[in-house]
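K.L.:
Residue numbers (our numbering), protein chains in the order written: chain A, 1 to 458; chain B, 459 to 824.
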């Protein structure tokens with residue numbers, strides 16, 4: 001049964017043809033529409049020695065047929081958050097307010113946007129102080145609203161004469177701000193990739209590309225993600241950045257296995273842009289990130305494990321001696337329609353210089369910061385003969401310890417449950433409920449979220 | 459890939475590391491410096507720092523706050539220093555302080571103040587937003603963490619803002635005027651103290667909490683929230699350009715109410731130090747160096763001890779002393795006589811509740 005499209009099936013199965021589906025990925029095996037493609041996913045699907053597949057693995061189309069392919073998706077959401085849509089307690093006036101809670105908890109879409117980041121005012125009417133530990137906000141607060149979460153367009157050009165692929169992903173994000181209607185244009189990816197050796201599964205990318213850390217970046221786009229919202233760790237591991245990247249995979253066919261290496265040197269590492277901007281280096285020193293992976297691909301079982309590391313100067317300040325270090329481990333198991341995945345992440349950031357510059361603007365200080373925790377997810381595609389429908393319930397549990405040293409140490413967790421209904425090749429309907437809990441350090445607030453997403457892929 | 463990394467590494471090696479260290483000195487750190495006999499607040503503006511003994515005095519059983527002399531609005535004044543911030547830009551905030559209460563009218567007897575941010579934090583602040591948290595009739599030691607208190611509170615009633623430095627248990631609030639002003643025999647009020655508690659990852663910490671009372675600072679709204687607004691405190695420059703921290707400073711202007719209990723400054727919680735560039739003729743008056751002027755003065759010569767004049771030659775004209783001098787003893791006088799171009803803001807801020815003005819004790823915490 002191959003009903004989920006080339007990317008998912010091959011990505012999961014490697015070269016040995018395990019037919020485990022991955023909900024949430026649009027079908028694109030043999031005809032348009034072409035699903036959006038994470039560049040790492042594209043790299044990982046490449047069978048050895050198949051240069052064409054490295055360049056154009058998702059469609060199987062040859063450069064001679066369609067050197068330029070334009071694809072995309074539209075993610076339309078409807079969400080409602082409890083309270084005022086933030087994680088801020090009304091009587092909490094700690095400064096900085098965003099250091100003592102998890103402002104990323106009330107996420108409403110696959111971008112990781114939250115319902116609100118408005119810190120509000122204290123009892124005297126003064127705005128409560130925040131210091132740039134904030135996600136992007138959809139600005140809906142506690143009011144239910146429809147949203148165009150993302151209107152995404154991908155341009156993929158495959159050169160005819162060289163083993164080169166050029167990829168650009170542009171996203172439009174319309175929001176009604178307090179200052180009026182705005183539509184943010186976000187260049188999510190823009191890179192060229194060359195596969196210089198025909199006989200090796202080796203690719204070098206230069207430009208702005210996906211993270212190499214862990215596995216969650218593979219689900220960045222709404223049409224790839226089983227659920228709707230990213231984990232509490234996506235802020236550290238899923239950001240795109242500008243630099244150079246190398247991917248190499250070595251197949252060990254006799255034991256149905258493969259080893260892979262994905263390493264990058266970028267301006268900002270893998271933090272999302274609301275925490276660290278990627279368009280220029282503030283220190284002049286790149287952040288190096290890498291993941292080594294092993295995968296076992298049997299007929300009915302696929303297991304993938306990986307370990308990731310990242311180190312380099314924080315790119316929200318200008319002292320090159322102020323380092324950020326990330327460590328991670330990930331696991332994915334696919335068996336009989338059941339998809340299990342999980343990741344452990346540990347983050348350590350030094351205190352750096354003042355004038356903290358994030359994608360959201362200039363803030364006062366950078367701070368000594370530590371975080372650790374994990375997420376684990378299970379999804380199961382129900383074996384129902386109701387084509388073209390595919391129904392996949394899923395659940396995720398995650399727990400995060402975050403600490404701005406000597407200021408606040410918090411532990412939060414989140415329970416997420418939802419359902420993913422795929423309808424043919426072009427439509428995914430998802431519904432999700434998030435239960436956010438403040439276990440230690442952060443005051444308890446009403447910040448659960450119910451959200452939904454309709455993803456139209458073209 | 460390798461070439462790109464090599465290029466980046468080569469470019470990186472061309473520039474030196476840029477590092478700006480910020481410091482917050484509170485009574486915990488100042489006391490530690492006192493015991494180690496090391497200076498505090500060493501920085502670009504104060505390369506040698508200031509001896510901790512300028513702020514604290516250790517006796518056999520306790521540590522007391524040193525009262526420091528100054529002039530404000532042309533009159534003798536005095537203050538105490540409990541915190542110093544170096545390279546904090548304009549970034550001193552308030553922090554919340556919660557008082558457990560049985561109901562909106564009744565505090566929990568002996569209930570400790572619950573705070574979230576302690577003296578080890580870069581975000582430590584002695585400027586508190588006081589809140590009353592209604593939790594019912596509970597034991598006085600029920601709450602140590604803000605989370606627990608807010609989770610349980612049926613109502614949180616905002617109170618006013620107060621200046622309350624945290625302090626080690628052996629630092630006491632007894633105040634006395636320094637020499638030579640001790641000759642005035644003006645008794646200063648002891649600073650009231652209490653206890654504050656916080657929980658950090660299961661560890662309960664208890665701090666002393668001075669209370670200098672309300673209305674010593676105001677907030678200013680900036681891009682990402684409200685900060686404590688600093689008033690100017692003027693420190694005269696030495697001929698070599700360094701800050702002359704041995705002589706009395708000049709306190710910036712602010713509102714001062716007055717009643718039979720004494721003068722009540724409505725400012726002085728937070729100061730930013732300004733360096734005052736002086737002409738070569740300027741200098742401080744010291745009676746020991748100019749006994750004729752001292753002895754001929756119709757006014758109390760101690761009121762002029764350490765006061766800077768624009769032309770110190772006036773100290774030699776005993777018959778015209780002190781009226782014959784142009785004194786640099788108020789913000790208005792500094793701005794009009796020297797001009798604002800001679801007043802340079804530094805990267806140093808400090809607390810400095812005023813405890814004496816016009817030779818009268820300032821009621822503390824009233």
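Idealized CB from N, CA, C, for every residue including glycine.
Of all Cβ atoms in chain B, is any one closer than 7 Å to the Cβ of residue 320 (chain A)?
P.N.:
Yes, because at least one Cβ of chain B sits closer than 7 Å to the Cβ of residue 320 (chain A).
K.L.:
Just confirm the distance between the C-beta atoms of residue 310 (chain A) and residue 269 (chain A), as a whole number of angstroms; I'd bet it's less than 8 Å.
P.N.:
Contact holds; Cβ gap of about 5 Å.
K.L.:
Should residue 484 (chain B) go down as buried or exposed, given a rule of 16 or more other Cβ atoms within 10 Å for buried?
P.N.:
Classification for residue 484 (chain B): buried.
K.L.:
At a CB-CB cut-off below 7 Å, which residues of chain A make contact with residue 658 (chain B)?
P.N.:
Residues of chain A passing the Cβ test: 409.
K.L.:
Please name the residues in the region 540-570 of chain B whose beta-carbon is closer than 7 Å to at least one beta-carbon of chain A, in chain order.
P.N.:
Taking 7 Å as the Cβ-Cβ cut-off against chain A, the residues of the region 540-570 of chain B that qualify are 547, 549, 551, 552, 553 and 554.
K.L.:
Below 7 Å between beta carbons: does that hold for residue 707 (chain B) and residue 528 (chain B)?
P.N.:
A contact, by the Cβ cut-off of 7 Å.
K.L.:
Would you mind working out which of B:705, B:524 and B:683 sits nearest residue 692 (chain B), comparing C-alpha positions?
P.N.:
Nearest of B:705, B:524 and B:683 to residue 692 (chain B), Cα basis: B:705.
K.L.:
Which residues in the same chain have their Cβ closer than 6 Å to the Cβ of residue 542 (chain B), if we skip the five residues on either side of it in sequence?
P.N.:
Excluding positions up to five away in sequence, the list reads 483, 499 and 808.
K.L.:
Of all the beta strand (DSSP E) runs that stay within the bounds of the region 467-515 of chain B, which reach a length of 3 or more residues?
P.N.:
Fully enclosed beta strand (DSSP E) runs of 3 or longer: 481-483.
K.L.:
Run through DSSP, which three-state label would residue 815 (chain B) get?
P.N.:
Here residue 815 (chain B) sits in strand by DSSP.
K.L.:
So what does DSSP say about residue 682 (chain B), is it helix, strand or coil?
P.N.:
Looking at residue 682 (chain B) - three-state DSSP - the assignment turns out to be coil, as it is neither helix nor strand.
K.L.:
Thinking C-alpha only, which one of A:411, A:425, A:182 and A:133 is nearest residue 274 (chain A)?
P.N.:
Among A:411, A:425, A:182 and A:133, the Cα nearest to that of residue 274 (chain A) belongs to A:133.
K.L.:
Using DSSP's beta-bridge definition, name the partner residues of residue 573 (chain B).
P.N.:
Its beta-bridge partners are B:555.
K.L.:
For residue 68 (chain A), count the other beta carbons within 10 Å of its own beta carbon; 16 or more makes it buried, fewer makes it exposed. Which is it?
P.N.:
It is exposed - the Cβ of residue 68 (chain A) has fewer than 16 other Cβ atoms within 10 Å.
K.L.:
Any C-beta of chain A sitting closer than 7 Å to the C-beta of residue 490 (chain B)?
P.N.:
No, residue 490 (chain B) does not count as interfacial toward chain A.
K.L.:
7 Å is my cut-off, CB to CB: does residue 477 (chain B) come that close to chain A?
P.N.:
Yes - at least one Cβ of chain A is within 7 Å of the one on residue 477 (chain B).
K.L.:
In its own chain, which residues sit with a C-beta less than 7 Å from the C-beta of residue 716 (chain B), not counting the 5 before and 5 after it?
P.N.:
The residues are 722.
K.L.:
Using a cut-off of 7 Å between C-beta atoms, extract the partners of residue 587 (chain B) located in chain A.
P.N.:
Those are 93 and 122, listed as they occur along chain A.
K.L.:
For residue 767 (chain B), which residues in chain A fall below 9 Å Cβ to Cβ?
P.N.:
Per Cβ cutoff of 9 Å: no residues; residue 767 (chain B) is ~39 Å from chain A at best.
K.L.:
Residue range of the alpha helix (DSSP H) that residue 327 (chain A) falls in?
P.N.:
Counting along the chain, residue 327 (chain A) falls outside any alpha helix (DSSP H), though it belongs to the beta strand (DSSP E) covering 323-335.
K.L.:
Which chain A residues sit within Cβ distance under 9 Å of residue 616 (chain B)?
P.N.:
Neighbours of residue 616 (chain B) on chain A, chain order: 91, 93, 122, 123 and 124.
K.L.:
Around the C-beta of residue 686 (chain B), are 16 or more other C-beta atoms found within 10 angstroms, so that it is buried, or is it exposed?
P.N.:
Buried, since its Cβ has 16 or more Cβ neighbours within 10 Å.
K.L.:
Give a yes or no on whether the minimum CB-CB distance between residue 688 (chain B) and chain A is below 7 Å.
P.N.:
Chain A, which has no Cβ nearer than 7 Å to the Cβ of residue 688 (chain B), makes this no.
K.L.:
Under 7 Å, Cβ to Cβ, is there at least one residue of chain A near residue 625 (chain B)?
P.N.:
With 7 Å as the cut-off, residue 625 (chain B) does not count as an interface residue toward chain A.
K.L.:
Could you please give me the residues that DSSP links to residue 320 (chain A) through a beta bridge?
P.N.:
Residue 320 (chain A) pairs with nothing; no bridge assigned.
K.L.:
What does residue 130 (chain A) reach in chain B if we use C-beta pairs closer than 7 Å?
P.N.:
Result: 682 and 683.
K.L.:
Quick one: using the 10 Å Cβ neighbour count with 16 as the cut-off for buried, is residue 570 (chain B) buried or exposed?
P.N.:
Residue 570 (chain B) is buried by the Cβ-count criterion.
K.L.:
In the DSSP assignment, the beta strand (DSSP E) including residue 390 (chain A) goes from what residue to what residue?
P.N.:
Here the beta strand (DSSP E) through residue 390 (chain A) covers 389-404.
K.L.:
Which chain B residues are close to residue 363 (chain A), counting only those with a beta carbon under 9 Å from its beta carbon?
P.N.:
Within 9 Å Cβ-Cβ: 681 and 682.
K.L.:
Would you mind stating whether residue 128 (chain A) and residue 683 (chain B) have Cβ atoms separated by less than 7 Å?
P.N.:
Result yes, Cβ atoms of residue 128 (chain A) and residue 683 (chain B) sit closer than 7 Å.
K.L.:
Can you grab the Cα-Cα spacing for the pair residue 710 (chain B) / residue 690 (chain B), in whole Å?
P.N.:
Going by the C-alpha atoms only, they are around 5 Å apart.
K.L.:
Grab the span of the beta strand (DSSP E) containing residue 658 (chain B) for me, first residue to last.
P.N.:
That run of the beta strand (DSSP E) goes 651-658.
K.L.:
What residue range does the alpha helix (DSSP H) around residue 775 (chain B) cover?
P.N.:
First-last for residue 775 (chain B): undefined, no H or E at that position.
K.L.:
In this structure, does DSSP put residue 433 (chain A) in helix, strand or coil?
P.N.:
Reduced to three states, the DSSP call for residue 433 (chain A) is strand.
K.L.:
When burial is assigned at 16 or more other CB atoms within 10 Å of the CB, is residue 207 (chain A) buried or exposed?
P.N.:
Burial call: buried.
K.L.:
Would you say the region 658-667 of chain B touches the region 570-581 of chain B, given that touching needs at least three Cβ pairs under 8 Å?
P.N.:
Enough Cβ pairs lie closer than 8 Å, so yes.
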